[in-house]
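Residue numbers (the working numbering): 633 to 1060.
Only one structure is covered here, and it is reproduced in the block below.
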Ligand code: AAL
């Protein structure tokens, strides 16, 4: 019986080999005919190619399903955070990347707990010491821990607003973490006025501690220098995002430019890069800043011998993942759907000497529209994906992302009616 099976399998193997030889001949013939082959060629065929076919051979893999920097994203609601019934008075947003310390994940984030929901940045003049303008006004940096990355235990504030007129007296927001030579460094936005008043204007401050549980010591203000007047980052440095690359601290940051104070709808975003050997600075700006001209928040991660980034929402290259060999010159690796907003991935060994460059399988993100415009607040959420060299989960490599019809119908024409510059006017 065994012999029979093995004879049969030899026969099948032989047939298979013959078929594949025939196929190869067929391929070569097709290529020599100047026609793109049926079987995906490993090398760029020596035939005239369209621009799209040319580009196909510039990506790391020709099929997106084989691309280590492509993934779908799946979302899970976090447990353990209370939002006061969703009345808009409690908001949590812009989480830091989780880090694992002694078996516990730690995150830091913007927490606003105010007597009323924000009035909105168009009405920033109405903001008071108790009434917030935006969702991230009158906020502090809080932290939470978790054993599994889904159920969180909110411990309390990590860094709170200093007394006026110290930088950040109005609001602290959008933190991220660096571990450097055994110490913990939190970088965050420090506001001295309600955001929306003249812009979303703020520099970045830093605090440090010997333990992720604090206590935190103030380590400096305006650590990422503003550009000079007339330069793209003249008065805003947002979303500080530190990584260690080639042994040096690299902080990516964002500035919305071409916008405030008078042409808010013409805005553009740029991401800059500063580097230093000292977490408290001084930081030196990369001469090619902005190193990225798309993407709303900053999500950069060491990947193989370079740096990769998830680019969302803004710019011509929105909804892409990009890669750069030098951390400054990025090219598109692939396009993505349903990308996590303000993505903060958990990257194993991120701040270790070795091993922090193999990607990730989960992280935290936020949804800024958890409430209504009148009761505006954000929630944090977990996303899972396969952007890791150590994982191979075919389910994440599917290309179809199917939303229920309701999701599309929610994107109704309604939001276009009565747009000040729009053609569609609703019948009164
Ligand atoms: C976010 C971030 C920064 C901005 C605001 C809070 O999406 O880009 O943090 O200042 O919005």
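Virtual Cβ for every residue (Gly too), placed ideally from N, Cα, C.
Open item on the list: Quick check: the Cα distance between residue 1003 and residue 724, rounded to an integer number of angstroms?
Closed with: Against the chain shown, residue 1003 aligns to sequence position 371. Against the chain shown, residue 724 aligns to sequence position 92. So the alpha carbons of these two residues sit roughly 12 Å apart.
Open item on the list: Counting C-beta neighbours from all protein chains within 10 Å, is the total for residue 1014 16 or more, i.e. buried, or is it exposed?
Closed with: Taking the chain shown and counting its residues from 1, one reaches residue 1014 at position 382. When all chains shown are included, residue 1014 counts as buried.
- [ ] State yes or no: is the C-beta of residue 778 within less than 8 Å of the C-beta of residue 737?
- [x] Translated into positions along the chain shown, residue 778 becomes position 146. Translated into positions along the chain shown, residue 737 becomes position 105. Yes, the Cβ-Cβ distance between residue 778 and residue 737 is below 8 Å.
Task: Closer than 7 Å: residue 808 CB and nearest the ligand AAL heavy atom - done: What you label residue 808 is simply residue 176 of the chain shown in a count that begins at 1. No.
Open item on the list: Can you check which of these residues, 863, 836, 816, is closest to residue 848 by C-alpha distance?
Closed with: Position 216 of the chain shown, counting from 1, holds the residue named residue 848. Measuring from the Cα of residue 848, the nearest candidate turns out to be 816.
Open item on the list: Shorter than 7 Å, the distance from the beta carbon of residue 821 to the closest heavy atom of the ligand AAL, or not?
Closed with: Within the chain shown, residue 821 is the residue found at index 189, counting from 1. Yes, the ligand AAL has a heavy atom inside 7 Å of this Cβ.
Task: Distance, residue 1000 Cα to residue 1028 Cα - done: Within the chain shown, the letter at position 396 stands for residue 1028. Within the chain shown, the letter at position 368 stands for residue 1000. Looking at the two C-alpha atoms, the distance is approximately 25 Å.
Task: Rounded separation between residue 846 and residue 996 - CA only - done: As a position in the chain shown, residue 846 is number 214, starting the count at 1. As a position in the chain shown, residue 996 is number 364, starting the count at 1. Using only the alpha carbons, I get a separation of about 22 Å.
Open item on the list: Between the alpha carbons of residue 954 and residue 943, how many angstroms are there, rounded?
Closed with: Within the chain shown, residue 954 is the residue found at index 322, counting from 1. Within the chain shown, residue 943 is the residue found at index 311, counting from 1. For residue 954 and residue 943, the distance between alpha carbons rounds to 7 Å.
Open item on the list: Output needed for residue 651: all residues of its chain with C-beta closer than 6 Å, excluding positions within five of it in sequence on either side, in chain order.
Closed with: One-based indexing of the chain shown puts residue 651 at position 19. Annotation note: pLDDT 42 at residue 651 (below 50); position unreliable, no value reported.
Open item on the list: Quick check: what's the CA-CA separation for residue 831 versus residue 803?
Closed with: As a position in the chain shown, residue 831 is number 199, starting the count at 1. As a position in the chain shown, residue 803 is number 171, starting the count at 1. One C-alpha to the other measures close to 14 Å.
- [ ] Consult DSSP for residue 1040 and reduce its assignment to one of helix, strand or coil.
- [x] Numbered from its first residue, the chain shown carries residue 1040 at position 408. Of the three classes helix, strand and coil, the one that applies to residue 1040 here is helix, per DSSP.
Open item on the list: Taking 8 Å as the cut-off, does the region 751-758 touch the region 796-810 (at least 3 CB pairs, one atom from each stretch)?
Closed with: no
Task: For residue 842 and residue 739, the rounded distance between their alpha carbons - done: Reading the chain shown from its first residue, position 107 is the one you call residue 739. Reading the chain shown from its first residue, position 210 is the one you call residue 842. Cα to Cα, residue 739 sits roughly 16 Å from residue 842.
Task: Collapsed DSSP secondary structure at residue 698 in the structure displayed - done: Locating residue 698 in the chain shown gives position 66, where the first residue counts as 1. Residue 698 falls in the helix class under three-state DSSP.
Open item on the list: To test your reading of the DSSP string, which unbroken alpha helix (DSSP H) runs of 4 or more residues are found completely within the region 851-913?
Closed with: none
Open item on the list: In this structure, how does DSSP classify residue 710 when only helix, strand and coil are distinguished?
Closed with: Stepping through the chain shown from its first residue, residue 710 is reached at position 78. Coil at residue 710, not helix or strand.
- [ ] Could you tell me the boundaries of the alpha helix (DSSP H) in which residue 940 lies?
- [x] In the chain shown, residue 940 corresponds to position 308, counting from 1. No alpha helix (DSSP H) holds residue 940; the beta strand (DSSP E) holding it covers 938-943.
TODO: Please work out which residues of its chain come closer than 6 Å, Cβ to Cβ, to residue 655, disregarding the five sequence neighbours upstream and downstream, and give them in chain order.
DONE: Here residue 655 refers to the residue found at position 23 when the chain shown is read from its first residue. Any reading at residue 655 must be qualified, since the residue scores a pLDDT of 45, below 50, and its modelled position is unreliable; no value is offered.
Open item on the list: Can you tell me whether residue 974 sits near the ligand SAM, meaning its C-beta is under 7 Å from at least one heavy atom of the ligand?
Closed with: No copy of the ligand SAM occurs in the structure displayed; its ligands are the ligand AAL alone.
Task: beta strand (DSSP E) runs contained entirely in the region 980-1050, provided each spans 3 or more residues - done: 991-999, 1011-1020
Open item on the list: Suppose the cutoff is 7 Å on Cβ atoms and the five residues either side in sequence are ignored; what does the same chain contact list for residue 775 look like?
Closed with: The sequence position of residue 775 within the chain shown is 143, counting from 1. These residues qualify, in order along the chain: 738, 739, 740, 787, 790.
TODO: With a cut-off of 8 Å on the beta carbons, I'd call residue 784 and residue 710 a contact; round off their distance for me.
DONE: The sequence position of residue 784 within the chain shown is 152, counting from 1. The sequence position of residue 710 within the chain shown is 78, counting from 1. Rounded, the Cβ-Cβ distance is 6 Å, consistent with contact.
Task: 7 Å CB neighbourhood of residue 1022 in its chain, flanking five on each side removed - done: Taking the chain shown and counting its residues from 1, one reaches residue 1022 at position 390. Correct list, in chain order: 990.
Open item on the list: Taking only three categories from DSSP, how would you classify residue 784?
Closed with: On the chain shown, position 152 is the one that residue 784 refers to. Reduced to three states, the DSSP call for residue 784 is strand.
Task: Straight-line Cα distance separating residue 968 from residue 1043 - done: Translated into the one-based positions of the chain shown, residue 1043 becomes position 411. Translated into the one-based positions of the chain shown, residue 968 becomes position 336. Their backbone Cα atoms lie some 20 Å apart in a straight line.
- [ ] Count the other C-beta atoms from every protein chain shown that fall within 10 angstroms of the C-beta of residue 683, then say buried if there are 16 or more, exposed otherwise.
- [x] Here residue 683 is taken as the residue at index 51 of the chain shown, counted from 1. The residue in question, residue 683, is exposed, as its Cβ has fewer than 16 Cβ neighbours within 10 Å.
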